[in-house]
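At position 23 of the sequence shown the residue is numbered 4 (our numbering), and the sequence of numbers has no breaks.
Note that beta-carbon positions come from the ideal geometry of N, C-alpha and C, so glycine has one too.
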Amino acid sequence: MIQPYQGPIAQGSANVKDIVEMLSEPVKKSWLDSHGYKADKLVTVHYSLSNMSPIYIAGDKLVVNTDFDGAYKNNSVYVFKDDEGSPFLWRVHNRRGGDLLLSCERKDEYPDETIPANEVQDLDVVGAIVRLVRDPSS
């Protein structure tokens, strides 16, 4: 059983109350082994926003690998925490010189952000999304 994420769940924005809800989700040992993941380093996140739709939709369960070594995999989606400790999702794009471009699918509502190389280490990352669990009725 993957452990539920124990971080805060309230988003600080005036128009978004909860960005994610933390849950637990079982996965097969064979899946863990085939990807090299450690069960104690995985958490599940219940996604409830629209910034990453249609890739992720409200109600999706996201399995997040918290075993992060500081190297961002280009074009992967990560769960970050903001200054208030509230989690949010961004797709990471590596840029020359070590800068990161953080983007989402709904650019009309959530503009891209560029993080300079000298500030990348200050990002508070929970981990990378490694699996999507979607209710077939969604």
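Three Cβ pairs or more, each shorter than 8 Å: is that satisfied between the region 83 to 97 and the region 32 to 39?
Yes, the region 83 to 97 touches the region 32 to 39.
Return the Cβ separation of Tyr18 and Asn46 in integer angstroms, given the expectation that the two are a contact with Cβ distance under 8 Å.
That pair is a contact at about 6 Å.
On the criterion of 16 or more Cβ atoms from any shown chain inside 10 Å, does Lys42 qualify as buried, or is it exposed?
Classification of Lys42: buried, given that the 10 Å Cβ count is 16 or more.
For Trp71 and Ser84, what's the separation of their Cα atoms in angstroms?
Distance between the alpha carbons of Trp71 and Ser84: 6 Å.
Less than 8 Å separating the beta-carbons of Ala105 and Gly40?
Note that residue 105 corresponds to Asp in the displayed sequence, not to Ala. No, the pair does not count as a contact, with Cβ atoms beyond the cut-off.
Quick check: what's the CA-CA separation for Ala20 versus Ser29?
Straight-line Cα distance between these residues: approximately 24 Å.
Sort Ser57, Asp80, Val107, Tyr37 by Cα distance to Pro97 and report the nearest one.
For the residues Ser57, Asp80, Val107, Tyr37, the minimum Cα distance to Pro97 belongs to Asp80.
Leaving out the 5 sequence neighbours to the left and right, which residues in its chain are closer than 8 Å to Leu113 when beta-carbon positions are compared?
Closer than 8 Å at the Cβ level, and outside the excluded window around Leu113, lie Tyr37, Asp41, Lys42, Leu43, Val44.
Same chain only: Cβ atoms within 8 Å of Thr95, ignoring 5 sequence neighbours per side:
Arg76, Asp80, Leu81, Leu82, Leu83, listed in sequence order.
Reducing DSSP to helix, strand and coil, say where Leu82 ends up.
Here Leu82 sits in strand by DSSP.
Boundaries of the beta strand (DSSP E) in which Leu30 is found, first to last residue:
Here Leu30 belongs to no beta strand (DSSP E), and DSSP marks it neither H nor E.
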